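Accompanying notes for the structure given below.
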């Protein structure tokens, strides 16, 4: 497969993953309040049996879930944008506003779901998660690039 075909395939694959991520976020937001709470609660009950502790940590688990699902989105967008010859700054300047936009539309969507409410704080948590995921993925890509360059330099030096 030619290099351009591989890049196109990778872009389409990452775009599909982003669409699936957006659908997942939409479906979580489309759950009624009771359903959403029950899902978080089941996860906590798997590890903790004390009702008082469960009630104490559930709001934090829910916010961590918001943060994490958007961190995944930020990672996916950076992976997609890394298939283009863009600067890191451009990747961030395009992906982060898209993440904030999606977080905002997600909270507006939740205003229309029974037993749910939209929250500016959730937009902040989601956006922070998205930006963190984007920055983390940029860091991982940079580390991989450094490893590859060092490996290639070592191979060149050993062949001399």
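Residue numbers (our numbering): 46 to 205.
Where is the CB? At the ideal position from N, CA and C, for every residue including glycine.
Source: prediction; values computed, not measured.
Please list, in chain order, all residues of the same chain as residue i whose beta carbon is under 6 Å from its beta carbon, the five residues on each side excluded.
{"i": "residue 154", "result": "74"}
{"i": "residue 177", "result": "116"}
Within 8 Å (strictly less), CB to CB, does residue i reach chain D?
{"i": "residue 187", "result": "This model lacks chain D altogether; it includes just one protein chain."}
By the DSSP assignment, the alpha helix (DSSP H) with residue i in it spans what residues?
{"i": "residue 82", "result": "78-92"}
{"i": "residue 66", "result": "48-75"}
{"i": "residue 118", "result": "96-126"}
{"i": "residue 161", "result": "That residue, residue 161, is in no alpha helix (DSSP H); it is neither H nor E in DSSP."}
{"i": "residue 152", "result": "133-156"}
Could you name the residues of the same chain whose beta carbon sits closer than 8 Å to that of residue i, not counting the 5 residues immediately before and after it, in chain order?
{"i": "residue 103", "result": "82, 85, 86 and 89"}
{"i": "residue 125", "result": "56, 59, 60 and 63"}
{"i": "residue 172", "result": "115, 141, 144, 145 and 148"}
{"i": "residue 20", "result": "As displayed, the chain neither begins before 46 nor continues past 205, which places residue 20 out of reach and without an answer."}
Would you say residue i and residue j are within 8 Å of each other, going by their C-beta atoms?
{"i": "residue 175", "j": "residue 141", "result": "yes"}
{"i": "residue 144", "j": "residue 118", "result": "yes"}
{"i": "residue 160", "j": "residue 79", "result": "yes"}
{"i": "residue 67", "j": "residue 120", "result": "no"}
{"i": "residue 183", "j": "residue 123", "result": "yes"}
{"i": "residue 158", "j": "residue 48", "result": "no"}
Quick one: residues in its chain with C-beta nearer than 7 Å to the C-beta of residue i, no 5 flanking neighbours on either side, listed in chain order?
{"i": "residue 200", "result": "none"}
{"i": "residue 108", "result": "170"}
{"i": "residue 52", "result": "128"}
{"i": "residue 105", "result": "none"}
For this session: Would you be able to state if there are at least three C-beta pairs under 8 Å between the segment 96-113 and the segment 192-201?
Result: Too few Cβ pairs lie closer than 8 Å, so no.
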